[in-house]
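Trainee: I'd like to ask some things about the structure below.
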C-alpha cells in the first residue's frame, strides 16, 4: 500500500514554486522538474489553489505560493490533494452471518481512522520550508560529491 504519488508530486510542485520565486513557474516548466505531464501539474495546482495554498489564474501562465513556505504544513497539502479520501479502504461485502464478517468493517474503519489521524498529525510537524531546506541540503551534498 502506498499513499498516491500525487501527494509527493504536489509537494514537489510547491517546493518548486518556493525555489523559483519570480522565475518561470508555468505548468510546462514544473512538469519537466517533476517528470510528468503538464495537465497533471495543472490539475494539482487547481486543488492547491482551491485549498488556498497557491495563487494562479486560468489563462495566465505561472503560479506562486499563497503564503510563506513556513506556514504551509505537509498536512495542509495532504488534505488539499486527498480531499477527505481515506487512505485505508475496507472490503465491501463481508458475510454478515459470520462473527468476523459482522464486526470487521466498523472495527477496521475505527482503527484506520485513528491511523490516518496520527499520520496527518505527524505531517503537520513539517512545513514546506523544512522540505525546501532539506532539498537544498541534498543538492549541496550531491554537488560536493560530484566535484571530488
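Numbering (our numbering), first residue to last: 49 to 196. No residue lacks a Cβ here, since even glycine has one placed at the ideal position from N, Cα and C.
Kindly list the residues whose CB is nearer than 8 angstroms to the CB of residue 141, restricted to its own chain and excluding five residues on each side of it in sequence; keep chain order.
Mentor: Closer than 8 angstroms at Cβ, skipping near neighbours: no residue.
Trainee: Looking at residue 48: is its Cβ nearer than 9 angstroms to the Cβ of residue 64?
Mentor: Since the first residue of the chain shown is 49 and the last is 196, residue 48 is not available in this structure.
Trainee: Any chance the stretch 74-85 sits against the stretch 55-64, with 3 or more Cβ pairs inside 8 angstroms?
Mentor: Taking 8 angstroms as the limit for Cβ pairs, the verdict is that the stretch 55-64 does touch the stretch 74-85.
Trainee: Since residue 110 is in the beta strand (DSSP E), which residue starts that stretch and which ends it?
Mentor: Element bounds for residue 110: 108-113.
Trainee: How is the beta strand (DSSP E) around residue 102 delimited, first residue to last?
Mentor: Its beta strand (DSSP E) spans residues 102-105.
Trainee: When you compare the stretch 95-102 with the stretch 162-172, are there three or more beta-carbon pairs, one atom per stretch, that lie closer than 8 angstroms?
Mentor: Counting Cβ pairs under 8 angstroms, fewer than three are found: no touch.
Trainee: In or out: residue 75 buried (at least 16 other Cβ within 10 Å) or exposed?
Mentor: Buried, by the Cβ-count rule.
Trainee: Which partner residues does residue 121 have in the DSSP bridge list?
Mentor: Note: residue 121 sits in a beta bridge opposite 175.
Trainee: Is it true that the CB of residue 167 sits closer than 9 angstroms to the CB of residue 135?
Mentor: Result yes, Cβ atoms of residue 135 and residue 167 sit closer than 9 angstroms.
Trainee: With H, G and I counted as helix, E and B as strand and the rest as coil, what does DSSP make of residue 183?
Mentor: Reduced to three states, the DSSP call for residue 183 is helix.
Trainee: Should residue 145 go down as buried or exposed, given a rule of 16 or more other Cβ atoms within 10 Å for buried?
Mentor: Under this definition residue 145 is an exposed residue.
Trainee: Going by beta carbon distance, what residues of the same chain come within less than 6 angstroms of residue 96, once the five residues before and after it are set aside?
Mentor: Within the same chain, residue 96 has close Cβ partners 102, 128.
Trainee: Suppose you measure from the CA of residue 71 to the CA of residue 112; what does that come to, to the nearest Å?
Mentor: If I take the Cα positions, the gap works out to 10 angstroms.
Trainee: Whole-angstrom Cβ separation of residue 143 and residue 151, contact assumed at under 8 angstroms?
Mentor: Contact doesn't hold; Cβ gap of about 12 angstroms is too wide.
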